[in-house]
Amino acid sequence: MSHSLHHTDAADTAKLLQELDRDSKSRSLTGGYKTAMTVLFVLYSLTMIVMALVVSGATQYTRLPVFVGMTLFVGYLKYPASKRDALRDNYFPWYDVILAFTSLGVFFYYAIEQKRIIQMANRIGTTQIVLGIIGILLLVELCRRSTGIPLIVVAGLFTVYGAWWLTNNNPKTALRNLIYNLFYNLNCGIFSSPITVCASFIVLFIILGSFLEKTGIGTFFVDLANSIAGASVGGPAKVAVISSALEGMYSGSSVANTVGSGSITIPTMKKVGYKPEFAAAVEAAASTGGQIMPPIMGAAAFLMAEITGIPYASIVVAAILPAVLYFTGIFLMVHFEGKRLGLKGLPKDSIPHFFRLLAKSGYLLIPVVILVICMNYYTAGMSACFAILFALIISLIGRDKRDLLRSVGLPLIPLAVLVVLWQVIKIDTGTAVFVSMVVAVLCSFLTRSAILSPRLVAEGLQGGAGSSIGVAVACAMAGIISGVVSMTALGTTLVAVIVPLAQKSIFLALFCTMLACIVLGMGVPTTANYVIMATITAPILIKMGIPLLAAHMFVFYFGIVADITPPVALAAYAGSAIAKSDPMKTGINATKLAIAAFIVPYIFAMNPSMLLMDQGVLAAIQVIITSCLGIFGIAAALEGYIVTRAPWWQRILLAAGGLCLIDPEFMTDVVGVAVIVVVIVLQIVLRKHSKPAAA
C-alpha cells in the first residue's frame, strides 16, 4: 500500500511540474528514443565539464558559440513546439529535427569562422547577416518553448528600440550594425557576460546540483531538519523551512524545490493542524528563499560577480545576514502560528537522532564543504568541478558498511589518482580532476552497493543537461537586452533623466525599482530578470549613492520574490496544488511569510553595514543580533502572538520596534529594544492575569 501511495505521489509531482515548471515540459519519450536522448544529454554534460576543465582561455570565445549551438540542438530535441506535441509519445516532427541541426550549423559556422568575422567587425557581409538573423530567430523560438513569451516580449521591445535608434543614426547600415552587435559582437549581445558566465560557471553548478540530488542529500536534509525541529511546536512547518533552505542551496528552481520537498512537508503540516493555504505558503516561501541562501545562491549570483567585478566569495559573505533574516522571519512566524493554534510537534519516536544521523550520513555534506573551501582558491567553475568529483567519490561509499573494502577502499582510489596526477606528476589541475572523475565512475562498476550506480551517474548528467537549457536560453536572451542598452546608450539616458527626480526621494526610487523587478519577475526567469535590472536600474541606484553591491543585491532579491508575489506566483501555485488550497490566499500568505525579503533590501540599500561590508567583528555581531531581534518583532506583529494574543496596539508597537532594530543605527537599536522588551513584559503579565481568570 505504501509503495502504491509513493508511486501515485511521484506521478502527481511529475504532472504538477509539467503544469507549472517550464523546464519539465519536455517531450514524452519511451524505449529507444528515451535511451538515445539520455545518451545525448550525458554527452552534453560531459562536453561542458571537459570544456570547463581542459579548454584553455585562448579558445574561450570559440567555446561560446559551440556552447549555444549545442544547447539549442538538445533544446529543440527536448522541448516540443506545443502542449499537444508533448502528449504524443516519441513524436519528433521533421521541422524540429531541421531546427536542431540548423542551430548546430549556424552557431558552429560562427565558431569556425570567428577569427575572420571578428576582423570584419561591423563590415560583415550578406551571408553573415542572414545567418545572424536565423541564429537569433532560432534562439527566440527555443525561448518560447522553454521559458515563455514574456521574456521574448521584453527582448523584442528592446530590439525594436535598438533598430529604431540605429536607423535614426545611420539608416544604410542599421540592419548590419544591429545583427553584428546582437549576434557577433563578443562584448554585447548573445555572447556577452550572461552566456559567458552560464558556460563557465552556471551549467557546472546545475550539474553539481543534479548529482547532489542523486546522492540523496535532499532526504538527508529533511531528516536533519526533523532531528532539529520536528518535535517542537508546529514541528513539520519548521522542518519545511529548514530543509527547503538547505535544499535551495543547490536547487536553482523555486517551483521544482516547492514540488519536490512540498510533496512530503505540506501533507504533514496539514496533518498536525496548519491550514492548507498556510502550509503551502510556508513551503513556497522557504523554497523561493533557497536562491538567496549561501553558498551557491542560484545562477544570478554568479552573474553578479561577473557584472560587478566583486569576488563571488565576497558576495556570499554579504548575503549571509539577509538570508538568515529571511529564514528567521519565516521560522518565527511558523512558531507563533503554531503557538496561537496550540499545535504539537511530531512524536519523538518518529524523529531521527541528530548525532546518529550526522555519523551515519554526514559525509553527504563533503561536496558542499569542498565547494566552499575551493571557492577561496579557484574559479567558480573549477570549484564546482571539484565538488562534482567529491560527490562521485562519496557516492562510492557502500550502503553495506560491513564490507570495508568496498565502502572505504573504493572511494580512496579516485582520491589517490587525483593526488598522484595533481601533486606528484604535476599535470594541470583541470585534467587531473577530469581523469579522477572518470576513475570514480569506473569504480562504481565494481560495487552494487554504491549510492550512485552507473545508471544514477548517467541520470545526474542527464538532469544537469536538461536543467541547463532553460537557464542558458534565458542568459542568451538577457544578453540581447543588455546589448541593446550598451549600443544605444539607453542606460546612460535613463540615469540622466531619472537620477534628478530620484534625488528628491531615495525611498521612492527604491520602491519603483522594487515594483519593476517584481512585475518583470512574474514572467521572466530570475537570471534574466537580474541581468535586465542590473543593466537598467542598478546603475541608477549607484548614481544615487547606493554602494555597488547593495544596489545589485537589491534588484537580485526582488527578482526572486516574484515567484511568491500574486497574481503570478508560480511557487505559491505549486504549493497550493499540493495542499489543495486557494492559490491567491496561498500567495498572500507566502508574501506575508517572506516579509523580511521586502524590508531587508531597503535597509541594506540605505545602510550597507547589514551586508557586513567593512565591518569590525563587534560591529558585525551587533548588527546580526539587533537585526534578528528586529525580525522577531515584525514576525510577532504579523502573527499577533508571542506568549499570548497581541491586541492591535501591541502589534503596531512590535512592528515599529522591529523596523527600528533592522536599521543598523545605535539610536534606532536602543528605541527598538526598549519597545519590544516592553511589549514582551506586557505579554507575560497579561498571560499571568488571564490564567487565574480562566481558572
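Heads up, the sequence shown is in my numbering, so the first residue is 867 and it goes up one at a time. Cβ atoms here follow ideal geometry from the backbone N, Cα and C, with glycine treated the same way. All figures in this text were calculated on a predicted structure; none of them were measured in a lab.
Write down the C-beta distance between residue i and residue j rounded to the nearest angstrom, noting that I regard them as a contact closer than 8 angstroms.
i: V1148; j: I1196; result: 7 angstroms
i: F1077; j: A1257; result: 4 angstroms
i: V908; j: L1327; result: 4 angstroms
i: F1057; j: G1001; result: With 8 angstroms as the limit, F1057 and G1001 do not qualify as a contact, their Cβ atoms being about 11 angstroms apart.
i: F1086; j: L1230; result: 5 angstroms
i: I1490; j: L1187; result: 6 angstroms
i: G1055; j: G1345; result: 6 angstroms
i: I1335; j: V1063; result: Not really, about 16 angstroms apart at Cβ, beyond 8 angstroms.
i: A1340; j: L1070; result: Not a contact, Cβ separation roughly 17 angstroms.
i: F1193; j: V1107; result: 6 angstroms
i: I1438; j: T1452; result: Just to set this straight, residue 1438 is Ala in the shown sequence, not Ile. Right, the Cβ-Cβ distance comes to about 5 angstroms (below 8 angstroms), so this counts as a contact.
Can you tell me whether residue i is helix, strand or coil according to DSSP?
i: A924; result: Confidence is the limiting factor: at A924 the pLDDT is only 48, short of 50, which leaves the residue's position unreliable and the question unanswerable from this model.
i: Y1507; result: strand
i: T1131; result: helix
i: D1529; result: coil
i: Y975; result: helix
i: Y1243; result: coil
i: N1092; result: helix
i: V1099; result: coil
i: S1123; result: Going by the sequence as given, residue 1123 is Asn instead of Ser. Looking at N1123 - three-state DSSP - the assignment turns out to be helix.
i: V1541; result: helix
i: H869; result: At H869 the pLDDT is 36, less than 50, meaning the model places this residue with poor confidence and gives no usable figure here.
i: A1338; result: helix
i: A902; result: helix
i: Y1140; result: coil
i: M1380; result: helix
i: F1220; result: helix
i: T896; result: coil
i: K1292; result: coil
i: A966; result: helix
i: F1311; result: coil
i: A1559; result: Note on A1559: pLDDT 47, under 50, position unreliable in the model; the coordinate value appears next. Reduced to three states, the DSSP call for A1559 is helix.
i: T1081; result: coil
Would you check if the distance between the CB atom of residue i and the CB atom of residue j is smaller than 8 angstroms?
i: I1045; j: G998; result: yes
i: A1065; j: L919; result: no
i: L1520; j: G1499; result: yes
i: D962; j: A947; result: yes
i: A1445; j: K1210; result: no
i: G1096; j: Y1140; result: no
i: I1430; j: T1154; result: yes
i: G935; j: F974; result: yes
i: L1169; j: S1059; result: yes
i: T937; j: A1324; result: no
i: A1502; j: F1202; result: yes
i: F1300; j: V916; result: yes
i: T1393; j: V1337; result: yes
i: I1353; j: G1028; result: Here residue 1353 turns out to be Met, not Ile, going by the sequence shown. Yes, the Cβ-Cβ distance between M1353 and G1028 is below 8 angstroms.
i: I1073; j: S911; result: yes
i: L1415; j: A1184; result: yes
i: A1124; j: P1102; result: Per the sequence presented here, residue 1124 reads as Thr, with Ala not at that position. The answer is no: Cβ separation not under 8 angstroms.
i: A1456; j: A1428; result: no
i: Y1396; j: G1425; result: yes
Cα-Cα, which of the options is closest to residue i?
i: L1281; options: A1306, A1185, T1295 and G1296; result: A1306
i: L1312; options: F1086, V1099 and S1261; result: S1261
i: G1128; options: K1141, I1232, G1139 and S1109; result: S1109
i: I1236; options: T1131, C1009, L1255 and I1015; result: L1255
i: S892; options: K949, F933 and F1193; result: K949
i: E1007; options: P1413, N1036 and L943; result: L943
i: I1173; options: I1162, A1443, H1418 and V1350; result: H1418
i: M1382; options: K1370, S1371 and T1401; result: The question names Met, but residue 1382 is Ala in the sequence shown. The candidate whose alpha carbon is nearest that of A1382 is T1401.
i: P1177; options: L1191, P1188, V1190 and P1161; result: P1161
i: I1398; options: E979, M917 and P1016; result: P1016
i: V1182; options: M1479, L1318, A1103 and F1220; result: M1479
i: A1167; options: I1068, A1111 and Y1439; result: I1068
i: N1047; options: L1005, L1090 and I984; result: I984
i: L1495; options: S1475, P1467, D1529 and P1218; result: D1529
i: G1208; options: I1508, L1191 and L1386; result: I1508
May I ask you to check if the CB of residue i is nearer than 7 angstroms to at least one heavy atom of the ligand FMN?
i: Q985; result: Ligands displayed in this structure: none; no statement on the ligand FMN is therefore possible.
Distance cutoff 8 angstroms, beta carbons only. Does residue i sit that close to anything in chain D?
i: I1487; result: No chain D is part of this structure, which consists of one protein chain only.
message: Runs of 4 residues minimum, wholly inside the region 930 to 963: which ones carry the alpha helix (DSSP H) assignment?
response: 949 to 952
- request: Let me know the alpha helix (DSSP H) ranges lying completely inside the region 1383 to 1456, each 4 residues or longer, listed in chain order.
  value: 1392 to 1402, 1404 to 1409, 1414 to 1426 and 1436 to 1445
message: List, from N- to C-terminal side, the alpha helix (DSSP H) runs of 4 residues or more that fit wholly inside the region 1143 to 1209.
response: 1164 to 1174 and 1178 to 1207
Secondary structure, alpha helix (DSSP H): runs of 4+ residues fully inside the region 1005 to 1066: 1015 to 1035, 1040 to 1045 and 1059 to 1063
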